[in-house]
Amino acid sequence: MSQSLARALTILRALADGPRSLDDLAAHVEVHKTTVLRLLRTLEADRFVTHDAEHRYRLGAGLFELSNRALEHRDIRVIARPHLVALNADTRQTVHLATYESGEAIYVDKLDATQSVRMYSRVGKPAPLHCTAVGKILVSGLPADEQTRIAHRLEYTRFTERTIDSPERYLDELALVAQQGFAEDREEHESFVNCIGVPVRDGTGAIVAAVSMSVPDMLLDHARVLGTLPRVRAAADAVSVELGWSPPSSPEGPR
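Going from the sequence shown to our numbering is simple: count from 1 and add 394.
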């Protein structure tokens, strides 16, 4: 790596911690101010850094744009796969990955349980938004006005006696999901299946996918399925970190 490139990268890493003056940056890089200023002007020309009226430098829009474009080209299914495999091996239960596409929750990956019982879901198949854990997670991450529009356009097909059957109940459920940081399908889609789902977030904190685990109640009851939540959440969080998300430094209750 060339000396100039190494110094420029050192400057960018320093600015990632917050605005810095020219003097601060020169001391950090351990070179003369004129050398740092020359590098800053080059970076500023490509909008990788910017400075204010007090000549304090900070990261610029060009760097954020480059970062976002790089993340957009990462296949979430490829990134998530190792974590889903590990979760499946750990729990021995059915694991799903779903994304929100064209108004539907779509299963984009699935690992079957090691037991003989198989779930009805399959890759490429839509998941009902009103009665699946992944559907609730994905809609809960949308703006409030869009949640309301979705709630009032759904048909609320009744799959079981527990299926949510009205916009009002659905919006209440979405609020609960957002508050507690996970969703449940407690025999709402299939009468013998309990499911929990957790969000996957990108670098902006937006929900871009959902990881879920589904278990027939003959294998685990509702309470024991809830007991696996930390493992499901850890898998989803690991995917989120690879997408650029930063976990909260100090937990403030359920995410």
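For glycine and all other residues, C-beta sits at the position ideal for the given N, C-alpha and C.
- For Thr-429, the secondary structure class from DSSP, reduced to helix, strand or coil, is helix.
- Taking a contact to require three or more Cβ pairs closer than 8 Å, the stretch 489-502 and the stretch 549-562 do not qualify as touching.
- In the DSSP assignment, Lys-504 falls within the unbroken beta strand (DSSP E) covering 498-505.
- Taken atom to atom, the span from the alpha-carbon of Arg-543 to that of Arg-563 is near 14 Å.
- Around the beta carbon of His-524, 16 or more other beta carbons lie within 10 angstroms, which makes this residue buried.
- Distance from the CA atom of Glu-448 to the CA atom of Gly-454, rounded to whole angstroms, is 16 Å.
- Between Ile-405 and Val-425 the beta-carbon gap is near 10 Å, outside 8 Å, which marks them as no contact.
- Taking a cut-off of 8 Å on C-beta distances, the stretch 634-643 does not touch the stretch 479-499, as fewer than three cross pairs fall below it.
- Leu-399 sits away from Leu-416, with the two beta carbons spaced by 9 Å or more.
- A check of alpha carbon separations from Gln-487 across Gly-597, Ala-617, Asn-588 identifies Asn-588 as the nearest.
- With a threshold of 16 other beta carbon atoms within 10 Å, Ala-569 falls short and is exposed.
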